[in-house]
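What follows is a set of notes on a single structure, which appears directly below.
Residue numbers (this note's numbering), protein chains in the order written: chain A, -14 to 60; chain B, -14 to 60; chain C, -14 to 60; chain D, -14 to 60; chain E, -14 to 60; chain F, -14 to 60.
Have a look at this one:
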């Protein structure tokens, strides 16, 4: 991943900040398992696993906290 | 999800902030599993699974922390 | 839950703040599983499950962090 | 638990703050499972379960964060 | 690990901060299991385990929060 | 544990702060399971369990966040 994918934590509004949080949660998975085929295979599993989806939601929540702070809560 | 669903983190009081935290925890699940039928199917499972409900409660707690900070704790 | 159950995050002291944290951890469960009978049934399970109790304790810890900040740590 | 068990988050030093964090993690368990006999029974299980002990350590970490902030990190 | 591997939490931009967060999440594993052969063996397991990858992503999220704060969110 | 083991959260640099975070994550385990023999026995298990190691890494991340804040991020 040599290209720039995270130039800034600033987003125009909370909703795009939430999208960025989802993205960050996925990038960390990608950096740990760079093989796209294996990720696709796993996706079939966790997409239908409530526990896994809730865990993903928890990771997004932590990233959203960071992004919200970075944007001064879009005050 | 092109429509605006998160215009602001501001809420009139703590209780509506808590409602928003619950909403955020659900949206992240929705963004990871966009198929409503599959989500409904899983809901039947995790609704009766204490561990899953506690995990959901944990995600809500993280989001509520963010929202409370954004509202200066409704001081 | 139309009634007001969370008018403020302010509490007179740390201990009542801790009680409120426990309450918040339970309300999120209630909002995800509104059926009281099903919750009672699950309670019988997780009350004797160390892992579940530790997870609950973790959710309480996150809420207590928020409430402590809201009360300026009762300084 | 009508008696006062948490009059303050202030502690004289980091180590006693850590002790308090351990205490808070246990109180939340006690408030969810008030039956001492059942807790003793479960203790025999989780005391020898690495995963449970690590989870406890995680709850302590969150409480210690709160207590450290309340004491201005004992600067 | 006597050599210097973490001289600073400062990074030039968010993306390199994210890389550092991934590194921190791995170093803690390394410090708990210093045997490289055993880690390689385990890697084969968790790389194909969605739950484990999501958990890794959660650890990265916490570290990224710290690093982002250390860099004043690269404002 | 009557001796002083945590006189301060101050460390000379980020790396020694990380070492302290690892230490804190272990002390909490020790305080919950004071029997060294039982801990040694469990260590054999979790050292080869990827999930357990990732969970440890998560606990370290939370403690590192606290220690980093206590040191003003070693700015």
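Beta carbons are placed, not taken as given, at the ideal position from N, Cα and C, and that holds for glycine.
Note that the structure is predicted; figures quoted are calculated from it, not measured.
Q. Do you know how far the Cα of residue -5 of chain C is from the Cα of residue 33 of chain A?
A. 40 Å
Q: Note down the Cα distance separating residue 45 of chain C from residue 16 of chain D, rounded to an integer number of angstroms.
A: 11 Å
Q | Endpoints, the alpha helix (DSSP H) within which residue -9 of chain B is located | A | Per DSSP, residue -9 of chain B belongs to no alpha helix (DSSP H) and is neither H nor E.
**Q.** Length of the line joining the Cα atoms of residue 9 of chain A and residue 20 of chain D
**A.** 43 Å
Q.
I'd like to check one pair, residue 39 of chain A with residue 40 of chain B: are the Cβ atoms closer than 8 Å?
A. yes
Q: Determine the direct distance from the alpha carbon of residue 22 of chain D to that of residue 14 of chain A, and round the result to whole angstroms.
A: 43 Å
Q: Just confirm the distance between the C-beta atoms of residue 18 of chain E and residue 24 of chain E, as a whole number of angstroms; I'd bet it's less than 8 Å.
A: 6 Å
Q. Measuring CA to CA, which of B:1, B:-8 and B:57 is closest to residue -10 of chain C?
A. B:1
Q. Interface residues of chain A around residue 64 of chain B at Cβ under 8 Å?
A. What is shown of chain B runs -14 to 60, which leaves residue 64 of chain B out entirely.
Q | Near-chain E residues of the region 30 to 42 of chain A (beta-carbon distance less than 7 Å), N- to C-terminal order | A | 30, 31, 37, 40 and 41
(Q) In the DSSP assignment, the alpha helix (DSSP H) including residue 31 of chain E goes from what residue to what residue? (A) 21 to 31
Q) Alpha carbon to alpha carbon, how far is residue -8 of chain D from residue -13 of chain A? A) 53 Å
**Q.** Beta-carbon neighbours of residue 13 of chain B, restricted to chain C and to distances below 9 Å
**A.** Going along chain C, no residue has its Cβ under 9 Å from residue 13 of chain B, so there is no contact; the nearest lies around 14 Å.
Q. Along chain E, in chain order, which residues have C-beta atoms closer than 7 Å to that of residue 55 of chain A?
A. 53 and 58
Q.
Would residue 8 of chain B pass as an interface residue toward chain A - the criterion being a Cβ-Cβ separation below 8 Å?
A. no
Q: With residue -1 of chain B as the anchor, note down where its alpha helix (DSSP H) starts and where it stops.
A: -1 to 17
Q.
Here's a check: name, in chain order, each residue in its chain whose Cβ is nearer than 7 Å to the Cβ of residue 6 of chain F, leaving out the five neighbours to either side.
A. 45, 48, 49 and 52
Q | Contact set for residue 31 of chain B: own chain, Cβ-Cβ below 8 Å, skip 5 residues either direction | A | 37, 38 and 41
(Q) Taking only three categories from DSSP, how would you classify residue 57 of chain F? (A) helix
Q. If we count the other Cβ atoms within 10 Å of its Cβ and call it buried at 16 or more, is residue 55 of chain B buried or exposed?
A. buried
Q. If you run the structure through DSSP and keep just helix, strand and coil, what is residue 34 of chain A?
A. coil
Q.
Please report the straight-line C-alpha distance between residue 4 of chain F and residue 26 of chain B, rounded to a whole angstrom.
A. 45 Å
(Q) I'd like to know whether the C-beta of residue 17 of chain D is nearer than 8 Å to at least one C-beta of chain C. (A) yes
**Q.** C-alpha gap between residue 57 of chain B and residue -2 of chain C, whole angstroms
**A.** 19 Å
Q) By a C-beta neighbour count over all protein chains shown, 10 Å radius and 16 as the cutoff for buried, is residue 35 of chain B buried or exposed? A) buried
Q: Note down the Cα distance separating residue 43 of chain F from residue 43 of chain E, rounded to an integer number of angstroms.
A: 8 Å
Q.
Less than 8 Å between C-beta atoms, sequence neighbours within five positions excluded: which residues of the same chain meet that for residue 29 of chain F?
A. none
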